[in-house]
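Novice: Numbering (our numbering), first residue to last: 18 to 235. Shown below is the structure under consideration.
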Amino acid sequence: MSLFVLDNELIFPPVQLAEPDGLLAIGGDLSSARLLLAYRSGIFPWYEGRHILWWCPDPRFVLFPAELKVSKSMQQLIRRDHFAFTVNKAFRDVIANCKAISRRGQEGTWITDEVKLAYIRLHGEGYAHSAETWLNGELVGGLYGIRLGKVFFGESMFSKQSNASKYAFISYARLLQSEGVELIDCQVYTEHLESLGARMISRGEFIPLIDSLIYNPG
């Protein structure tokens with residue numbers, strides 16, 4: 018199957034035409050309009066070198082906030098208020114840390130300067146959000162992503178202290194659930210998020226689900 022090459026037209030091919038690994042298209046841009054169309058379509062960007070790659074994997078790794086799992090040790094941390102938790106307090110710092118953090122098994126980062134600026138722009142437009150954990154006034158963990166309707170599309174997280182990103186994720190998932198969010202898209206499998214209750218669902222289930230939760234949130 019040939020890879021779709023995007024031009025200036027604001028359109029994506031049907032997600033069912035993605036490669037077996039989920040790769041759907043290459044090219045295009047990171048305008049707010051294209052990024053929001055991508056998320057609404059179940060697609061997310063990932064850089065490889067200088068090229069923007071667009072993905073819609075099957076199956077999809079997601080977490081239903083109602084299925085969130087919190088270990089006893091994390092429950093104790095939360096009860097003790099070990100970290101301070103905030104939302105949208107330091108979006109630029111969170112994405113900067115996600116960009117800079119060293120990750121096992123990865124060379125470099127997919128968060129280029131262009132990506133960083135695109136999501137900062139989406140934050141200013143009210144679509145991109147961050148959750149932060151603090152220790153003694155220092156930012157030590159956090160995550161960011163896109164919220165549309167009753168769906169939060171997680172993008173990246175970082176941690177400078179043990180359990181800091183997990184604390185942010187748990188706290189934010191609970192907050193999102195209290196605000197009516199029913200699905201957190203985790204994109205691809207990680208053991209870290211599986212331990213918190215994330216699981217695989219088919220693309221055939223994921224696409225109609227986000228469609229209903231974004232466009233018919235009532």
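Glycine included, C-beta positions come from ideal geometry on N, C-alpha and C.
1. So, is the C-beta of Leu-34 closer than 8 Å to a C-beta in chain D?
2. Look up Tyr-144 in the DSSP assignment and give the residues it is bridged to.
3. Do Pro-76 and Ser-219 have their CB atoms nearer than 8 Å?
4. Just the C-alpha distance for Arg-57 and Asp-228, rounded to the nearest angstrom, thanks.
5. Would you identify the three-state DSSP class for Gly-125, choosing helix, strand or coil?
6. Helix, strand or coil for Gly-166? Go by DSSP, reduced to three states.
7. Apart from the five residues just before and just after Ile-112, which ones in its own chain have a Cβ nearer than 8 Å to its Cβ?
8. Per DSSP, what kind of secondary structure is Tyr-161 in: helix, strand or coil?
9. What does Ile-28 pair with, by DSSP beta-bridge criteria?
Specialist: Quick look at the numbers:
1. Within the model displayed, chain D is absent; a lone protein chain is all it includes.
2. DSSP output for Tyr-144 lists no bridge partner at all.
3. yes
4. 7 Å
5. With a pLDDT of 44 at Gly-125, under the threshold of 50, the modelled position of that residue is not reliable, and no figure is offered here.
6. Coil.
7. Ile-128, Lys-133, Tyr-136, Ile-137, Ser-147, Tyr-161 and Ser-173
8. strand
9. None; Ile-28 has no bridge partner.
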